[in-house]
Structures are given as C-alpha cells and as structure tokens.
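*Asks:* Below: one structure in structure tokens.
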Amino acid sequence: LSIFYVRHKIVKPINMLSQAAGQYGQKNSGKSHHEFSTIQIHTGDELEILLSSMVQMEKDIDNYIENLTQTKAQLSSARKQADNMHELAHMDALTGIRNRLAYDKEIIQLDSEMQNGSYSFGIAMVDLNFLKFINDTYGHECGNSAIILLSKLICDVFAHSPVFRIGGDEFVVILKNNDYNKIEILEQKFNQQLEQFKADTSLQPWEKISAAFGYALFDEDTDHCADDVFKRADQNMYERKKAMKAIRKS
C-alpha cells in the first residue's frame, strides 16, 4: 500500500510534470503552450501547488508571446510605412522618377566615392524647351504631359543610370556603367529620338517635345567635387540650347 501510494501520489505526478517540462522545451518558442494546463493533479499537497504555479507561468508566457507577436507585427508595419514615406520623399510626384532631394543625396555619395578614388562618372543635363509656351497655349495638363514624355525618353535612353527631375523643366542624369562608356552614342540616340518626335505628324504639338542636352565627364585634373562636373554639364547644355535657338531663327 505504501509503494502504491508513493507511486500514485508522488512518482506519477512528478513524472507528469517532468514530461510536460520536456515537451515545453521542445516546442516552438513563438507559439502558445498548453503542456501544464492539460495535466490533472489532485494530490492536495505541494505537487498540486507546483502545478498551479506552472499553469499560471504558462499563461503569463503565452500572454507575453502574444504581445510580442503583435508588437513585432506593428514594428514591421511601421517599418514598411517608413520605407514608403522615405521613397515618396525622394520621388517626383509627376514623373515618378527621383527628385531634387534624391539628387542632393546622390551628389554627397559621389563626393564620398571620389574620396575613395572612384572617378568613373559623368553628369548630363536635360532642359525641356518651350514649357512656358505649352502651358500658356495648351494648358498646364499638356505641359505636364510634355514633362512626362521627356522623362520617359531620358529613362529609356539612359537605362543604366539614375535620372532626377531637379526643377520644373530640368532633368539630371548621373552617368554610370554602360551609359558612361557610351555617352556619345546615347547623346546621338537621344537627339535622334527628339527629331522623330518633331517629324511625327500623328503627335499633338505638345507631344513633339524639344530639349537641350549637355554632359560632362569627371576630370581628375580640373574637378574637385561632383558639383564641378554638374556646372560644366549645365554650361554645355545651355550652349546646346543657344545653338538650337540660333538654328530656329536662321
């Protein structure tokens, strides 16, 4: 009888608690646990009190896991929203390409790369012609259409480089990779596409976009920062703009 009592009242409950503890440790820590709450011990002694404590501990841990899971989901959602806001802050609302803020950050990055000896880049400036005339004659919606068309053309021609809209009618391309190596071919391709727009009789007047293009490649002997390259590209673009104006007048 003593042996039966010990086995039934002590050994069996202890084995149940030990088995539950083992299963608890093997289960995925990110899921709720019910190992102790499913045990029935009615010994009326310290073992029953211990089980009650373990059940309460299990509930507390489950609540903690649930709160932790909810917090993790909230943090993930907040991170996605922050990423979206960051992306929107660097995106031009009209064209969907990068904006002036993104360009300024890119220039800082270029200056940093120059400090590390990386000089293989150039900057191209593109300025849309006749935007004021289009806006005044056909309306701002048509002017916006012209801006979008030019943006798409630039992105298509310079597919390997980041493109930025830095003003109402001004775009910048940071020439890199294949675009850097083949800039003369791409400049010709860009101007040829503009000529095709001009000759296309199916297009509306504001769709026959005209733009001035100029670029400059980093020169280690004369350029001290990326902005020096930008200034030369901007000057070359305005020289092209004056030449185009002179052709129209002749």
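Per our numbering, the sequence shown starts with residue 1, numbered consecutively. The C-beta atom is built at its ideal place from N, Cα and C for all residues, glycine as well. As the structure is a prediction and not an experimental result, all values here were calculated from the model.
1) Hey, out of 156, 17, 136 and 229, whose CA is closest to residue 50's CA?
2) Could you name each continuous beta strand (DSSP E) segment of 3 residues or more that falls completely within the region 164-204, going from the start of the chain to the end?
3) Does DSSP put residue 218 in a helix, a strand or coil?
4) Expressed to the nearest angstrom, what Euclidean distance is found between the alpha-carbon atoms of residue 211 and residue 90?
5) Where does the unbroken beta strand (DSSP E) through residue 122 begin, and where does it stop?
6) For residue 141, count neighbouring C-beta atoms within 10 Å of its own C-beta (all shown protein chains included) and say buried if the count is 16 or more, exposed if not.
7) Report yes or no: do the region 203-222 and the region 114-134 share at least 3 C-beta pairs separated by less than 8 Å?
8) Thinking residue 202 and residue 171 are a contact (beta carbons under 8 Å), I'd like their distance in whole angstroms, please.
9) Compare the Cα-Cα distances from residue 229 to each of 60, 169 and 114 and report the closest residue.
10) Hey, how far is the Cα of residue 246 from the Cα of residue 119?
11) Looking only at its own chain, which residues have a Cβ that is under 6 Å from the Cβ of residue 163, when we skip the five neighbours before and after it?
*Replies:* With the structure as the only source:
1) 17
2) 170-175
3) coil
4) 24 Å
5) 122-128
6) exposed
7) yes
8) Residue 202 to residue 171, Cβ: 25 Å. No contact.
9) 114
10) 35 Å
11) 97, 154, 155 and 173
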